[in-house]
Amino acid sequence: MASGDCDNGGAVANVAGTDFFVSYATADEAWAEWIAWNLEEAGYSTRVQVWDFAVGSHFVHEMHRAAGGAARTVAVLSAEYLASAYAEAEWAAAWARDPIGIHRRLLVLRVGECEQPGLLRQVVGTDLFNVDENTARERVLAAARGQRHKPKSPPTFPGRPATATASASTPTPARRSPPARPKFPGGRVRRGPWSVPRVLIALVLLAALTGGGIVGIGALKDRPGGSGPSPYADTGCKDVQVLGGLAGSPYSLYAQTLADLINDRALNGGNHWSATADLSTSGTSASLRTLAADPKCTLSLAQLNVPVDAERGLGDFRPENGGPIAGLRYVGQVYYDIVHLIVPPDSPIRGLVDLCGKWVLAGRDSSGTNQISTVLIRYVQDTWNCKVHSSPDEGLKTALPRLDPSSTAPVNAVFWAAGAPTKLISDYLAKGHMIRLVPLNDGRVAVAKEWSTVYPDVSQPFVALPLGPEYPGVAKVDTFGTPNGVVAMKSTDRPLVAFVARMLQERRKDFEHDLWPAHPPGWFPTPWSFADSGLCQAVPLHDAAYKAYLQAPDGQAPSGCRVG
Numbered sequence: 009m010a011s012g013d014c015d016n017g018g019a020v021a022n023v024a025g026t027d028f029f030v031s032y033a034t035a036d037e038a039w040a041e042w043i044a045w046n047l048e049e050a051g052y053s054t055r056v057q058v059w060d061f062a063v064g065s066h067f068v069h070e071m072h073r074a075a076g077g078a079a080r081t082v083a084v085l086s087a088e089y090l091a092s093a094y095a096e097a098e099w100a101a102a103w104a105r106d107p108i109g110i111h112r113r114l115l116v117l118r119v120g121e122c123e124q125p126g127l128l129r130q131v132v133g134t135d136l137f138n139v140d141e142n143t144a145r146e147r148v149l150a151a152a153r154g155q156r157h158k159p160k161s162p163p164t165f166p167g168r169p170a171t172a173t174a175s176a177s178t179p180t181p182a183r184r185s186p187p188a189r190p191k192f193p194g195g196r197v198r199r200g201p202w203s204v205p206r207v208l209i210a211l212v213l214l215a216a217l218t219g220g221g222i223v224g225i226g227a228l229k230d231r232p233g234g235s236g237p238s239p240y241a242d243t244g245c246k247d248v249q250v251l252g253g254l255a256g257s258p259y260s261l262y263a264q265t266l267a268d269l270i271n272d273r274a275l276n277g278g279n280h281w282s283a284t285a286d287l288s289t290s291g292t293s294a295s296l297r298t299l300a301a302d303p304k305c306t307l308s309l310a311q312l313n314v315p316v317d318a319e320r321g322l323g324d325f326r327p328e329n330g331g332p333i334a335g336l337r338y339v340g341q342v343y344y345d346i347v348h349l350i351v352p353p354d355s356p357i358r359g360l361v362d363l364c365g366k367w368v369l370a371g372r373d374s375s376g377t378n379q380i381s382t383v384l385i386r387y388v389q390d391t392w393n394c395k396v397h398s399s400p401d402e403g404l405k406t407a408l409p410r411l412d413p414s415s416t417a418p419v420n421a422v423f424w425a426a427g428a429p430t431k432l433i434s435d436y437l438a439k440g441h442m443i444r445l446v447p448l449n450d451g452r453v454a455v456a457k458e459w460s461t462v463y464p465d466v467s468q469p470f471v472a473l474p475l476g477p478e479y480p481g482v483a484k485v486d487t488f489g490t491p492n493g494v495v496a497m498k499s500t501d502r503p504l505v506a507f508v509a510r511m512l513q514e515r516r517k518d519f520e521h522d523l524w525p526a527h528p529p530g531w532f533p534t535p536w537s538f539a540d541s542g543l544c545q546a547v548p549l550h551d552a553a554y555k556a557y558l559q560a561p562d563g564q565a566p567s568g569c570r571v572g
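Going left to right, the sequence shown walks through residues 9 to 572 as this note's numbering numbers them.
Right, here's the structure in full:
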């Protein structure tokens, strides 16, 4: 059992917002620890009995809280698990929240030979036993991320005796750790993953293809790369604008990469597109207004929670700020905006509460950083009845030097939300400056709570993420982030949207290279991963992007989204 000395936060640990509740039978405790460890190493938060049910707590009450507070339940499936009445109640609770698997609330990981009786037979799972540890780890993380299982090498031709087997996909680097690394409980390689009958997969897929329209089989005939005319030949665009915010930010790098891909005639079917990255806007809100003003041949990098504000006329889109924007459409996710709270290395600021009475830069006006930091500052002031002296800044390049007490207008802390490492921060460190990052565990809960209050019909999109090792000499902290990606308007050129969606899927490594030019680690999400956040319940996925994902060589139908 966990004790107060373990890395579980004690009996007061917050359950709401946990990514995974690991449900298991006592006989499989070693498996449960190993699975939870690897999920947390990859940046997810978990709730697992052996670490989190404190001495003196009531087991059934803790089980109820864990199962109800986690976004997903991992069922560690074995013969012992199937014989447990408590285990059945745990996985059944997840099933009831998502009976046809649209949001993948129940993940089934088999750790021993057993049948999948009744309703469990309909849930696609994967086997962790009879494989080596790296393969099992890949399968756990692929299940968590909803990744496809296409092998990196071609399958053996079925018409002759097998001579080779497909290799496993490249392991995703681990990133976090609770107590001491559990020993892998599995054995030697003998067999592969299990799946359900194809007819059931077809039924689930049919349920997913609802919303703004169903893409039929006939739509799959003109696959990109196939014979016949380019699927992008009927474009109405020549000059294309990709809005990327501030120069030196990850968005600016993504925008330039996307513009280069759009211009590549070997990729775009010979189109004479001429795309440029526009780095003149101050942030997501300003970029969305620019997009709305000239939508036909324009795309925008954006923090993907902001279009919900724009559609509903809140935040930066209240009437006094110009009002809402109608017709926004998601194209796909690139990565995450990770929230940084940056302070000098000797700062007394160790958590949000320490911002009381301090001077803080809250990001540029009309930026995603400013929207998130405003919520966090309001949370500090309301919770501790204090004053935080905050103001917008003119960009990270001028904000970071103000952490130096000898500067003309010194501040105590700087907020920033973007992919990590952000080049502007890396350049600042390379000049000999030092910083420290402040953990924002409670910040995620505060932002998620406010989101759920304002948008009770839209799932909160904020996920727990580690931060720090991306910057030389900076210690790791736990913080949070929200998806970023590409946004268009409903009226944006359909061939252009379809091509960009295809590039987000097929050329993810190009965007990873923008953050990690030396060794891209391979953990960028699929462009439809943000569908799990519920954002595209409020703002639709562009139907041209949806069709492109269905047609891509290794694509799939994003589930849980409105399409239009």
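For glycine and all other residues, C-beta sits at the position ideal for the given N, C-alpha and C.
Asked: Own chain residues within Cβ distance below 7 angstroms of Val316, not counting five before or after; Found: Tyr463, Val466, Leu543, Ala546 and Val547
Asked: Buried or exposed (CB count within 10 angstroms, at least 16 for buried), Asn393; Found: exposed
Asked: Residues near Ile350 in its chain [Cβ-Cβ closer than 6 angstroms; skip 5 each side]; Found: Val422 and Ile443
Asked: His111 versus Ala101 - alpha carbon distance; Found: 14 angstroms
Asked: Three-state secondary structure (DSSP) of Trp424; Found: strand
Asked: Where the beta strand (DSSP E) containing Met497 begins and where it ends; Found: Val485 to Met497
Asked: Contact check, Leu404 vs Trp424, beta carbons under 9 angstroms; Found: yes
Asked: Separation of Pro163 from Gln468, as counted between CA atoms; Found: 40 angstroms
Asked: Arg199 (DSSP reduced to helix, strand or coil); Found: Its pLDDT being 38, under 50, Arg199 is placed unreliably by the model, and nothing is read from it.
Asked: Extent of the continuous beta strand (DSSP E) run through Asp286; Found: Ser282 to Asp286
Asked: Simplified DSSP state of Arg516, which is helix, strand or coil; Found: helix
Asked: Every unbroken beta strand (DSSP E) within the segment 254-315, with a cutoff of 3 residues, ordered by chain; Found: 282-286 and 306-311
Asked: Buried or exposed by the 16-neighbour rule on C-beta atoms within 10 Å, applied to Lys229; Found: Residue placement at Lys229 cannot be trusted, given a pLDDT of 35 that sits under 50; what the coordinates show is reported in the next sentence. With fewer than 16 other Cβ atoms within 10 Å, it is exposed.
Asked: Between the CA atoms of Asp27 and Val8 - distance to the nearest angstrom; Found: The first residue shown for the chain is 9 and the last is 572, placing residue 8 beyond what the model contains.
Asked: Selected residue, minimal CA-CA separation from Pro491, among Leu512, Tyr343, Glu514 and Val571; Found: Tyr343
Asked: Span separating the alpha-carbon of Ala40 from that of Leu322; Found: 42 angstroms
Asked: Beta-carbon gap between Ala74 and Asp60 smaller than 9 angstroms; Found: yes
Asked: Buried or exposed (CB count within 10 angstroms, at least 16 for buried), Ala556; Found: buried
Asked: Buried versus exposed call for Leu127 [16 or more other C-beta atoms within 10 Å across all chains shown]; Found: exposed
Asked: Member of Lys431, Ala483, Lys439 and Arg273 whose CA lies at the smallest distance from the CA of Pro447; Found: Ala483
Asked: Close Cβ partners of Glu402 (< 8 angstroms) along its chain, the five nearest in sequence each way excluded; Found: Arg372
Asked: Separation of Glu328 from Pro107, as counted between CA atoms; Found: 43 angstroms
Asked: Simplified DSSP state of His111, which is helix, strand or coil; Found: coil
Asked: Which of helix, strand or coil DSSP assigns to Ile357; Found: coil
Asked: Reference Ala334, options Val361, Leu299, Ser381 and Ala310, closest by Cα; Found: Leu299
Asked: Assigned secondary structure, Tyr338 (DSSP; H/G/I helix, E/B strand, else coil); Found: strand
Asked: Ser460 versus Arg358: straight-line alpha-carbon distance, rounded; Found: 27 angstroms
Asked: Nearest-angstrom Cα separation, counted from Phe519 out to Ala263; Found: 9 angstroms
Asked: Cβ distance (whole Å) where Asp36 is taken to contact Thr243 below 8 angstroms; Found: Not really, about 54 angstroms apart at Cβ, beyond 8 angstroms.
Asked: Environment of Thr534 [buried if 16+ CB atoms lie within 10 Å]; Found: buried
Asked: Cutoff 7 angstroms; reference Cys122; Cβ partners in own chain excluding five residues on either side; Found: Leu85, Ser86, Ala87 and Leu90
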